[in-house]
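Residue numbers (the numbering used here): 237 to 403. We put the CB at the ideal spot given by N, CA and C, even for glycine. Just below is one structure, and these are the notes that go with it.
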Amino acid sequence: MLEVEVVGVRIELPSNQPLVLLKEKDGARHIPIWIGAPEASAIAFAQQGITPPRPMTHDLLVDVVRELGRAVTEVRLVAVRDTVFYAELVFDGGSTVSSRASDALAVALRVPCPIYCAEEVMEDAGVKIAGAAEDDEAGAGEEENEEKQLRQFREFLADVEPEDFEK
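Next comes the structure, spelled out in structure tokens:
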């Protein structure tokens, strides 16, 4: 399993379809995952540290797990079939629950916990965004690097279509 991180959520134009972009921590590959609007909001809120006045569904799930004395210890992206991503929530004690990738990511950001991706998923759906590897190697500051990644992500979105990831 490869550790990945959430780069951000964006709306693809002109379709107005939200997608979340993941990046492998120790590499240059990225995984774009097209998601629903509610999940995009949940992921973006968590990334920005926004706490809604009332718990959203993912907040509720995290609160219920904690009240039951359990913990989500990691999230895994385990498969991609026909552009649909499959994930698992992993709990203390090793039990797992199947999840949509978007929901698992929203939970992982709230817990917080590490996010892992199966090598096969990265090989099937991972893409290299031009310039990302060079920027990482140049030793740029974290904030500067994030800005470059965001710019590259926007450039990537300008040209990508869901069909690009079909085999």
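Handout entry: Classification of Pro331 by the beta-carbon crowding that lies within 10 angstroms, buried from 16 upward
Key = In the sequence shown, residue 331 corresponds to position 95, counting from 1. For the sequence presented, residue 331 should be read as Ser rather than Pro. By the neighbour-count rule (16 or more Cβ atoms within 10 Å), Ser331 is not buried but exposed.
Practice task
Could you name the residues that DSSP lists as bridge partners for Ile247?
Solution key: Translated into positions along the sequence shown, residue 247 becomes position 11. In DSSP, Ile247 forms a bridge with Pro254.
Practice task
Under 7 Å Cβ to Cβ from Lys261, same chain only, skipping five residues before and after it: list those, please.
Solution key: Residue mapping note: residue 261 aligns to position 25 of the sequence shown, counting from 1. If we look at Lys261 and ignore the five residues flanking it on each side, its Cβ neighbours are Glu239, Val240, Glu241.
Practice task
Return yes when the Cβ of Tyr352 is within less than 8 Å of the Cβ of Arg312, no when it is not.
Solution key: Reading the sequence shown from its first residue, position 76 is the one you call residue 312. Reading the sequence shown from its first residue, position 116 is the one you call residue 352. A contact, by the Cβ cut-off of 8 Å.
Handout entry: With 16 other Cβ atoms within 10 Å as the buried cut-off, status of Val256
Key = Position 20 of the sequence shown, counted from the start, is the residue given in the question as residue 256. Looking at its Cβ environment, which holds 16 or more other Cβ atoms inside 10 Å, Val256 is buried.
Problem - Per DSSP, the bridge partner or partners of Lys259 - result: Mapped onto the sequence shown, residue 259 falls at position 23. Glu241, His266.
Practice task
Could you check how far apart the C-beta atoms of Met237 and Ala354 are, in whole angstroms? I think they sit under 8 Å.
Solution key: Along the sequence shown, read from residue 1 onward, the residue named residue 237 stands at position 1. Along the sequence shown, read from residue 1 onward, the residue named residue 354 stands at position 118. At roughly 6 Å, the Cβ-Cβ gap stays under 8 Å, so Met237 and Ala354 are in contact.
Exercise for the section: Label Pro291 either buried or exposed according to how many other C-beta atoms from any shown protein chain fall within 10 Å of its C-beta, with 16 as the threshold for buried. Expected result: Within the sequence shown, residue 291 is the residue found at index 55, counting from 1. Looking at its Cβ environment, which holds fewer than 16 other Cβ atoms inside 10 Å, Pro291 is exposed.
Exercise for the section: Please report how far the alpha carbon of Ala361 lies from the alpha carbon of Asp328, in whole angstroms. Expected result: Along the sequence shown, read from residue 1 onward, the residue named residue 361 stands at position 125. Along the sequence shown, read from residue 1 onward, the residue named residue 328 stands at position 92. Whole-angstrom Cα-Cα distance: 29 Å.
Problem - Cα-Cα separation between Ala369 and His266, rounded to whole angstroms - result: Your numbering for residue 369 matches position 133 in the sequence shown. Your numbering for residue 266 matches position 30 in the sequence shown. With a pLDDT of only 49 at Ala369, under the threshold of 50, the placement of this residue in the model should not be trusted, and no figure is reported.
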